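Going down the list, the sequences are from chains V and R. If you read the first sequence in UniProt numbering, its first letter stands for residue 1, the second for the next number, and so on. If you read the second sequence in UniProt numbering, its first letter stands for residue 1, the second for the next number, and so on.
2 protein chains.
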Amino acid sequence: MVVTIRDVAQIAGVSISTVSRALASPDKVSAVTRVLVEDTARTMGYRANRAARGLVTGRTTSIGLVVPDLENPFFGSICKGVQARARSAGYSVFIADTDEDPSLEDEAVRNLTKQVDGVIICSARSTDAALQQAAGDGPLVLVNRALPGVPSITFDNGGGARVVMRHLIALGHRRIAYVAGPVTSWSNRERTLALQAFAAESDHVDLIELGNFPPVFSGGMQAADLAVASGATAIVAFNDLVAVGVIERLRQRGLQVPADLSVTGFDNVPVSTLVWPNLTTVDFPRIQMGRASVDALLDTVLHRTSIRPAITQIPVELVVRQSTAPPPQRA
Amino acid sequence: MVVTIRDVAQIAGVSISTVSRALASPDKVSAVTRVLVEDTARTMGYRANRAARGLVTGRTTSIGLVVPDLENPFFGSICKGVQARARSAGYSVFIADTDEDPSLEDEAVRNLTKQVDGVIICSARSTDAALQQAAGDGPLVLVNRALPGVPSITFDNGGGARVVMRHLIALGHRRIAYVAGPVTSWSNRERTLALQAFAAESDHVDLIELGNFPPVFSGGMQAADLAVASGATAIVAFNDLVAVGVIERLRQRGLQVPADLSVTGFDNVPVSTLVWPNLTTVDFPRIQMGRASVDALLDTVLHRTSIRPAITQIPVELVVRQSTAPPPQRA
DNA sequence: CTGAAAGCGCTTACAG
DNA sequence: CTGAAAGCGCTTACAG
């Protein structure tokens with residue numbers, strides 16, 4: 001039922017070696033043969049069995065992608081970028097959702113390692129040690145997390161945090177609350193450090209650190225009350241979802257954004273333009289990051305001499321919308 | 001560097017056949033041998049090469065999943081369900097994003113067919129003919145689209161449409177606008193037919209059909225003005241994103257939801273609780289659908305005698321929130 | 001219960 | 001430029 005190279009060879013009246021060559025390395029075969037084989041293969045609907053090819057070449061032309069949560073639009077975008085770039089390079093992608101569980105993540109990586117040419121781990125929740133180990137077992141690229149000795153693609157979290165602070169301070173804010181994300185989040189650490197440094201360098205600016213909170217809507221709902229009690233006039237949320245939660249809770253308490261308080265997010269996920277007021281946030285080009293991670297992985301897999309540094313940092317930019325304004329005038 | 005069955009056999013002092021049996025069919029081997037081989041394999045870090053196994057068994061223990069857009073949370077949820085169920089059944093999943101392009105979809109299916117045991121196509125954008133053809137080439141399950149002769153899992157779109165109408169009519173609405181989705185959308189056709197039928201059966205109810213519109217925020221923005229001009233007091237949007245667009249445009253025009261107009265969506269994506277007012281919508285259990293599609297596919301792949309009908313329809317339910325209310329009193 | 005052998009569908013030196 | 005042969009890492013009748 002399924003047509004193999006043997007069938008094509010028989011119909012075309014050549015050896016299977018010739019069929020293989022005509023299809024995989026057309027220049028190693030005469031023009032006549034090539035056309036003959038190509039035509040036969042096409043009309044017979046022949047498609048090479050990639051597993052069989054992989055067995056002899058040692059390359060599967062597939063990669064693995066591990067993400068914490070496919071339902072989260074942040075990761076959806078990255079997947080999209082990975083998938084697009086992989087296809088254009090002729091690679092297929094295996095996907096694994098770890099449900100934010102470090103042990104499932106380790107298992108997924110182990111499972112994939114043997115059946116793909118390389119693995120991309122997105123926002124790894126696992127320990128440094130486990131990741132370092134995985135990196136030893138085969139080509140590996142980390143996305144949205146940096147680890148010494150392992151190729152990584154990250155966003156410039158620090159730069160994003162600084163540009164947010166600069167924006168709020170320029171508007172006149174002096175008491176700024178940061179609603180922190182999960183303790184285990186690498187991005188959260190990066191942002192916290194940059195916010196602290198920026199506040200310390202600025203005159204008369206107080207940074208109030210709140211949290212940690214879960215990186216979702218309900219986290220923002222919780223955090224909003226603490227932020228109000230702290231006397232902050234601006235709230236920097238860990239991400240857009242948290243920012244939306246903050247705004248909702250403020251609305252419930254009769255506070256206006258941005259008239260009474262300014263609120264910012266991180267990520268620029270679609271929801272940031274679906275809520276009112278539209279969020280001022282930091283755009284993280286996630287599809288680009290997905291693409292870049294495939295490039296980095298294939299550099300390793302194909303032994304391409306890369307101009308890329310081991311750790312790539314993707315620049316980010318502030319998107320000013322309606323959720324930020326000067327603080328209210330003192331009575 | 002990579003340990004094969006041969007290495008394990010050598011260290012354990014048995015033949016490769018025995019290693020293979022001890023690992024794959026433990027009951028065909030003595031208890032002593034089994035333990036010996038298992039221990040050796042574990043300490044050596046042996047993992048079977050799935051491609052090699054697939055070559056001889058004819059089964060890859062992987063499936064393919066084709067979706068129109070990984071960035072769309074609707075599909076993200078389905079992917080999550082598919083991935084979870086596949087893992088628990090010992091299957092890996094290849095993913096392909098078609099960017100809503102029918103020809104990319106056909107190509108993805110063709111590409112996958114040879115390297116997986118079966119394919120799940122989500123919200124297929126391709127033609128009936130192409131899908132019918134693909135179904136002939138190997139196990140195939142359609143998700144969110146029905147096609148005679150091809151196993152499908154769908155939501156009860158008609159039931160969803162009827163329950164929305166019933167809700168609005170009970171609130172007192174008599175002029176109801178439907179903001180239609182894409183012409184090519186199977187779900188849109190299903191919903192339209194059900195809405196028309198329900199309106200026809202009800203006394204003094206006018207259904208105003210608007211569209212077609214793109215199934216996103218901007219589609220809603222466009223549609224809102226037409227809906228207002230039509231004199232409708234309630235707007236049934238093709239999906240939640242369109243509903244959010246409608247509400248935003250109404251807000252811009254100074255109209256209040258639900259005081260001036262009621263608005264409903266379909267899908268119950270997370271954004272429906274992030275906007276204000278929270279959307280009244282129809283919940284589509286997408287993760288469940290993802291899981292069900294894997295079950296249906298494996299029924300075919302493993303020749304399981306299935307109690308399941310060829311076409312499964314998943315029930316849906318109305319979620320009443322803040323975007324619907326009785327129509328305003330006539331002046 | 002165990003091993004030697006054949007073979008899954010390919011690719012790739014090696015001859016000619 | 002082309003073909004016969006070996007072999008990639010497994011599984012599975014077939015003997016013993």
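Backbone N, C-alpha and C define an ideal beta-carbon position, used for all residues, glycine too. As the structure is a computational prediction, the values presented were derived from the model and not from experiment.
{"query": "Output yes or no for whether 7 Å exceeds the beta carbon distance between T324 (chain V) and P270 (chain V).", "result": "no"}
{"query": "Just checking my contact of V246 (chain R) with V179 (chain R) at CB under 8 Å: how many whole Å lie between their CB atoms?", "result": "7 Å"}
{"query": "Under 7 Å between the Cβ atoms of F75 (chain V) and D267 (chain V)?", "result": "no"}
{"query": "Using DSSP bridges, identify the partner residues of T281 (chain V).", "result": "V:V319"}
{"query": "Applying a beta-carbon distance threshold of less than 8 Å, which residues of chain R neighbour C122 (chain V)?", "result": "What C122 (chain V) touches in chain R: nothing, since even the nearest Cβ is about 12 Å away."}
{"query": "Could you give the residue range of the alpha helix (DSSP H) that holds R32 (chain R)?", "result": "First, the amino acid is wrong: residue 32 (chain R) is Val here, not Arg. Here the alpha helix (DSSP H) through V32 (chain R) covers A31 to M44."}
{"query": "With a threshold of 7 Å between beta-carbons, can F74 (chain V) be considered close to chain R, or not?", "result": "no"}
{"query": "Given that N49 (chain V) touches chain R, what residues does it touch there, using C-beta distances under 7 Å?", "result": "K114"}
{"query": "How is R175 (chain R) classed by DSSP in three states: helix, strand or coil?", "result": "strand"}
{"query": "Pull out every residue of the stretch 217 to 237 of chain R whose Cβ sits closer than 9 Å to any Cβ of chain V, in chain order.", "result": "F217"}
{"query": "Taking the CB atoms as reference points, tell me whether V116 (chain R) and T57 (chain R) lie closer together than 7 Å.", "result": "no"}
{"query": "I need the boundaries of the beta strand (DSSP E) containing V236 (chain V), first residue and last residue.", "result": "A234 to A237"}
{"query": "Start and end of the beta strand (DSSP E) containing F266 (chain R)?", "result": "F266 (chain R) -> no beta strand (DSSP E), and no H or E assigned at all."}
{"query": "Decide if S17 (chain R) is buried, meaning its Cβ has at least 16 other Cβ atoms within 10 Å, or exposed.", "result": "exposed"}
{"query": "Should R249 (chain V) go down as buried or exposed, given a rule of 16 or more other Cβ atoms within 10 Å for buried?", "result": "buried"}
{"query": "Could you tell me how far apart the beta carbons of L55 (chain V) and A52 (chain R) are, in whole angstroms, since I believe they sit closer than 8 Å?", "result": "6 Å"}
{"query": "On the premise that S77 (chain V) lies in contact with residue 336 (chain V), defined as a C-beta separation below 8 Å, what is that separation, rounded to the nearest angstrom?", "result": "Only positions 1 to 331 of chain V appear in the structure, and residue 336 (chain V) is not among them; the question remains open."}
{"query": "Skipping 5 residues on each side, what residues in its chain have a beta carbon closer than 6 Å to that of I208 (chain R)?", "result": "A177, S230 and A232"}
{"query": "So which of V:V141, V:T281, V:R21 and V:E38 has the shortest CA-CA distance to L168 (chain V)?", "result": "V:T281"}
{"query": "Name, please, each residue of chain R whose Cβ falls closer than 9 Å to the Cβ of A96 (chain V).", "result": "Q83, R87, S92 and V93"}
{"query": "Here's the rule I'm using: 16 or more other beta-carbon atoms within 10 Å means buried, otherwise exposed. How should P327 (chain V) be labelled?", "result": "buried"}
{"query": "Listed in chain order, which residues of the stretch 248 to 282 of chain V have Cβ atoms closer than 9 Å to some Cβ of chain R?", "result": "E248, R251, P270, V271, T273, L274, V275 and W276"}
{"query": "Could you give the first and the last residue of the continuous alpha helix (DSSP H) run that contains T113 (chain V)?", "result": "P102 to T113"}
{"query": "Give the residues from the UniProt domain \"HTH lacI-type\" (3 to 57) of chain V that approach chain R closer than 7 Å (Cβ to any Cβ), ordered along the chain.", "result": "R47, N49, R50, A51, A52, G54 and L55"}
{"query": "Taking C-beta to C-beta, are A224 (chain R) and G265 (chain R) nearer than 7 Å?", "result": "no"}
{"query": "Considering only C-alpha positions, which residue in the set R:T192, R:S262 and R:N157 is nearest to Q313 (chain R)?", "result": "R:N157"}
{"query": "By alpha-carbon positions, which one of V:R50, V:S126 and V:D206 ends up nearest to T113 (chain R)?", "result": "V:R50"}
{"query": "Identify the continuous alpha helix (DSSP H) that holds A292 (chain V) and give its terminal residues.", "result": "R286 to V301"}
{"query": "Run through DSSP, which three-state label would E209 (chain R) get?", "result": "strand"}
{"query": "Does the count of Cβ pairs from the stretch 133 to 150 of chain V and the stretch 93 to 103 of chain V closer than 8 Å reach three?", "result": "no"}
{"query": "Along chain V, in chain order, which residues have C-beta atoms closer than 7 Å to that of T60 (chain R)?", "result": "A51"}
{"query": "Starting from the Cα of N72 (chain V), find the closest Cα among V:P215, V:R321 and V:Q256 and give me that residue.", "result": "V:P215"}
{"query": "CB-CB under 6 Å to L36 (chain V), same chain, minus the five flanking residues each way: which ones, in chain order?", "result": "A12"}
{"query": "May I have the straight-line CA-CA distance separating S30 (chain V) from R87 (chain V), to the nearest angstrom?", "result": "30 Å"}
{"query": "Is D117 (chain R) helix, strand or coil by DSSP?", "result": "coil"}
{"query": "Would you please verify whether the beta carbon of V316 (chain R) is less than 7 Å from any beta carbon of chain V?", "result": "no"}
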